[in-house]
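Peer 1: Structure provided below as structure tokens; questions to follow.
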Amino acid sequence: ASCDKLTGPIETTLCDYETIESVNNVLYDQVHELVQTPFFKYFRVDLYRECPFWEENVFCMNRDCSIITVDESEIPEQWRAGTLSKLERREDVRVDLPGCYYRDSDFCFLDDMTEGDYVDLSLNPERFTGYVGPSTHRVWRAIYEENCFGESESSLSKMSRSGVVLPDTMAEVLYMDGDIPQEHCLEKKVYYKVISGLHASISTHICHEHLDQTTGEWGPDLQCYVTRIASHPERLQYIYFNTVLLLRAVARLGPYLSAYDYCASGTHDDDEITYSRLEKVLEIARIAGKFDETALFTGENANVLKEEFKQHFRNVTRIMDCVGCDKCRLWGKIQTTGLGTALKVLFELDEKNLDPRLNANLLQRSEVVALINTLHRFSESLHAVDVFRRLWRESNAEE
Ligand code: FAD
Numbered sequence: 051a052s053c054d055k056l057t058g059p060i061e062t063t064l065c066d067y068e069t070i071e072s073v074n075n076v077l078y079d080q081v082h083e084l085v086q087t088p089f090f091k092y093f094r095v096d097l098y099r100e101c102p103f104w105e106e107n108v109f110c111m112n113r114d115c116s117i118i119t120v121d122e123s124e125i126p127e128q129w130r131a132g133t134l135s136k137l138e139r140r141e142d143v144r145v146d147l148p149g150c151y152y153r154d155s156d157f158c159f160l161d162d163m164t165e166g167d168y169v170d171l172s173l174n175p176e177r178f179t180g181y182v183g184p185s186t187h188r189v190w191r192a193i194y195e196e197n198c199f200g201e202s203e204s205s206l207s208k209m210s211r212s213g214v215v216l217p218d219t220m221a222e223v224l225y226m227d228g229d230i231p232q233e234h235c236l237e238k239k240v241y242y243k244v245i246s247g248l249h250a251s252i253s254t255h256i257c258h259e260h261l262d263q264t265t266g267e268w269g270p271d272l273q274c275y276v277t278r279i280a281s282h283p284e285r286l287q288y289i290y291f292n293t294v295l296l297l298r299a300v301a302r303l304g305p306y307l308s309a310y311d312y313c314a315s316g317t318h319d320d321d322e323i324t325y326s327r328l329e330k331v332l333e334i335a336r337i338a339g340k341f342d343e344t345a346l347f348t349g350e351n352a353n354v355l356k357e358e359f360k361q362h363f364r365n366v367t368r369i370m371d372c373v374g375c376d377k378c379r380l381w382g383k384i385q386t387t388g389l390g391t392a393l394k395v396l397f398e399l400d401e402k403n404l405d406p407r408l409n410a411n412l413l414q415r416s417e418v419v420a421l422i423n424t425l426h427r428f429s430e431s432l433h434a435v436d437v438f439r440r441l442w443r444e445s446n447a448e449e
């Protein structure tokens with residue numbers, strides 16, 4: 051197993067591992083502070099929509115699967131669903147489904163904000179919950195299955211219309227437990243890296259905040275990390291890859307985020323703190339967010355491929371309604387929305403779209419909150435990787 055530092059260029063980016071290593075400690079501190087501010091810590095989420103693709107009756111009954119919700123009265127008026135739905139209705143054409151919708155440029159389904167609970171994310175960290183077994187494997191398998199490009203319609207879209215249930219015995223999904231076949235185009239590779247990197251980041255959190263079920267104590271579990279990540283070095287590489295991709299999206303959004311109204315209380319008391327923390331994150335994003343989005347979707351069928359990519363990624367965001375553990379579903383939704391927002395910023399929006407003076411309502415509040423919290427999760431994973439490297443060195447020294 052490899053627990054050594056990675057060196058050299060991060061494939062399909064313009065960044066190297068050393069650059070991310072050199073900024074991550076500061077990035078983690080700053081973004082960690084940023085997500086404690088009121089704007090970034092309150093999130094509204096609908097955890098009770100049915101799985102649209104198969105019958106899912108698994109509910110994780112462990113205490114650690116549940117989330118602590120917040121009463122609407124604690125949420126600043128401006129961010130309540132009623133106020134937001136008045137403000138955030140943009141003119142674009144929306145495709146509405148029960149409880150959610152997407153617009154043409156979106157890479158994800160967004161909750162329609164009329165249902166759901168308010169959550170203080172800082173009180174519900176992503177960590178080990180005990181959600182394991184066939185339900186988790188079915189969800190992951192369905193997510194990887196979305197990587198099969200080339201059909202005009204994804205297998206899940208067909209299933210959801212026909213009501214066909216995904217068989218448990220489905221053949222091993224392409225790419226699992228292996229590297230990406232060489233012949234696959236750049237866009238497919240990027241898709242796979244985004245998904246596998248998300249999976250690896252979630253696994254890193256599970257191993258970093260793990261419950262020892264015999265002693266009842268929480269703490270890092272080195273063996274868990276070695277089995278799930280370190281013995282598959284490409285998974286760790288994809289955590290770095292996702293971090294660069296998110297940083298690039300945040301850097302591109304810099305002027306928009308700097309002009310955003312974070313006012314919570316009407317008195318602007320919290321604004322200064324939020325802006326100063328945000329500026330530090332933006333500074334790092336400008337240095338380390340070296341991802342060349344212009345290298346993708348350039349070929350002959352670029353637009354067709356992009357539509358397909360979008361449709362598949364949107365399906366991944368809907369698959370989150372099939373996750374049978376509330377806390378996992380919460381973070382699954384946030385992170386797929388955060389990554390979907392980053393993909394939209396990189397592949398759909400030009401400089402004019404991103405100009406806050408021309409397009410003040412470009413993003414929904416939920417997209418901004420999801421993007422920054424997703425960056426926080428990935429930066430936290432890299433921070434945890436350092437902990438595991440130290441534990442690895444210590445365990446070797448003892449032998
Ligand atoms: P899994 O992680 O379920 O992996 C299944 C198979 O996928 C592996 O056997 C391997 O072949 C392949 N695989 C694993 N990692 C990768 C990778 N990075 N790239 C490519 N292939 C890979 N559990 C929690 O305790 N806390 C959470 O917050 C949490 N959030 C979740 C969110 C989602 C969206 C989902 C679907 C599950 C979540 N889970 C969570 C469950 C967790 O991810 C695992 O499924 C569970 O711990 C069982 O792990 P496992 O060892 O069986 O392998």
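The sequence shown begins at 51 in UniProt numbering and counts up by one.
Think of the CB as a built atom: it goes at the ideal place given N, C-alpha and C, for glycine as much as any other residue.
For residue 99, name the three-state secondary structure that DSSP assigns.
Peer 2: Residue 99 falls in the coil class under three-state DSSP.
Peer 1: Taking 8 Å as the cut-off, decide whether the C-beta atoms of residue 259 and residue 175 are in contact.
Peer 2: Taking 8 Å as the Cβ cut-off, residue 259 and residue 175 qualify as a contacting pair.
Peer 1: Count the other CB atoms within 10 Å of the CB of residue 111; is the residue buried (16 or more) or exposed (fewer)?
Peer 2: With fewer than 16 other Cβ atoms within 10 Å, it is exposed.
Peer 1: Over what stretch of residues does the alpha helix (DSSP H) that includes residue 83 continue unbroken?
Peer 2: Per DSSP, residue 83 belongs to the alpha helix (DSSP H) from 67–84.
Peer 1: So, helix, strand or coil for residue 442, using DSSP?
Peer 2: Reduced to three states, the DSSP call for residue 442 is helix.
Peer 1: For ligand 1, is there any heavy atom lying closer than 7 Å to the beta carbon of residue 338?
Peer 2: Because no heavy atom of ligand 1 lies under 7 Å away, the Cβ of residue 338 does not count as near it: no.
Peer 1: Between which two residues does the alpha helix (DSSP H) harbouring residue 129 extend?
Peer 2: No alpha helix (DSSP H) contains residue 129, which DSSP labels as neither H nor E.
Peer 1: Cα-Cα, which of 85, 419, 306, 90 is closest to residue 407?
Peer 2: If we check each option's Cα against that of residue 407, 306 comes out closest.
Peer 1: Go ahead and pull the three-state DSSP assignment for residue 310.
Peer 2: Of the three classes helix, strand and coil, the one that applies to residue 310 here is coil, per DSSP.
Peer 1: For residue 114 and residue 261, which I take to be in contact (beta-carbon distance under 8 Å), what is that distance rounded to the nearest angstrom?
Peer 2: Right, their Cβ atoms sit about 7 Å apart.
Peer 1: Where does residue 98 land, buried or exposed, given buried means 16+ other C-beta within 10 angstroms?
Peer 2: So residue 98 ends up on the exposed side.
Peer 1: Measure the C-alpha to C-alpha separation of residue 442 and residue 399 and round it to an integer number of angstroms.
Peer 2: Their Cα atoms are separated by approximately 43 Å.
Peer 1: Determine the burial state of residue 202: buried for a count of at least 16 other Cβ atoms within 10 Å of its Cβ, exposed for fewer.
Peer 2: Its pLDDT being 47, under 50, residue 202 is placed unreliably by the model, and the measurement read from it follows with that caveat. Answer is exposed; the Cβ neighbour count stays below 16.
Peer 1: Under the criterion of a Cβ to heavy atom distance below 7 Å, does residue 190 qualify as lining ligand 3?
Peer 2: With respect to ligand 3, the structure offers nothing, as its ligand set consists of ligand 1.
Peer 1: Thinking residue 422 and residue 73 are a contact (beta carbons under 8 Å), I'd like their distance in whole angstroms, please.
Peer 2: Their Cβ separation, rounded to whole angstroms, is 16 Å, which puts residue 422 and residue 73 out of contact at 8 Å.
Peer 1: Is it buried or exposed, residue 52, if we count other Cβ atoms within 10 angstroms and call 16 or more buried?
Peer 2: Exposed: under 16 other Cβ atoms inside 10 Å.
Peer 1: With 16 other CB atoms within 10 Å as the buried threshold, where does residue 445 fall?
Peer 2: Looking at its Cβ environment, which holds fewer than 16 other Cβ atoms inside 10 Å, residue 445 is exposed.
Peer 1: Drop a sphere of 10 angstroms on the beta-carbon of residue 118, count the other beta-carbons inside from all chains shown, and report buried for 16 or more, exposed for fewer.
Peer 2: By the neighbour-count rule (16 or more Cβ atoms within 10 Å), residue 118 is not buried but exposed.
Peer 1: Distance, Cα to Cα, residue 126 vs residue 88?
Peer 2: Straight-line Cα distance between these residues: approximately 9 Å.
Peer 1: Tell me whether residue 407 sits in a helix, a strand or coil according to DSSP, three-state version.
Peer 2: DSSP places residue 407 in coil when its eight states are reduced to three.
Peer 1: With hydrogens ignored, establish whether the beta-carbon of residue 239 is closer than 7 Å to any heavy atom of ligand 1.
Peer 2: Outside the cutoff, so no.
Peer 1: Can you tell me whether residue 178 is buried or exposed, with buried defined as 16 or more other CB within 10 angstroms of its CB?
Peer 2: It is buried - the Cβ of residue 178 has at least 16 other Cβ atoms within 10 Å.
Peer 1: I want to know whether the region 158–167 touches the region 236–248 - three or more CB-CB distances under 8 Å.
Peer 2: With the cut-off at 8 Å, the region 158–167 and the region 236–248 do not touch.
Peer 1: Less than 8 Å between C-beta atoms, sequence neighbours within five positions excluded: which residues of the same chain meet that for residue 515?
Peer 2: Outside the modelled stretch of the chain, which goes from 51 to 449, sits residue 515, for which no answer is possible.
Peer 1: So, residue 385 versus residue 248, is the Cβ gap smaller than 8 Å?
Peer 2: Yes, Cβ-Cβ distance for residue 385 and residue 248 is below 8 Å.
Peer 1: From what residue to what residue does the beta strand (DSSP E) around residue 152 run?
Peer 2: Element bounds for residue 152: 150–153.
Peer 1: Do you know how far the Cα of residue 102 is from the Cα of residue 147?
Peer 2: So the alpha carbons of these two residues sit roughly 11 Å apart.
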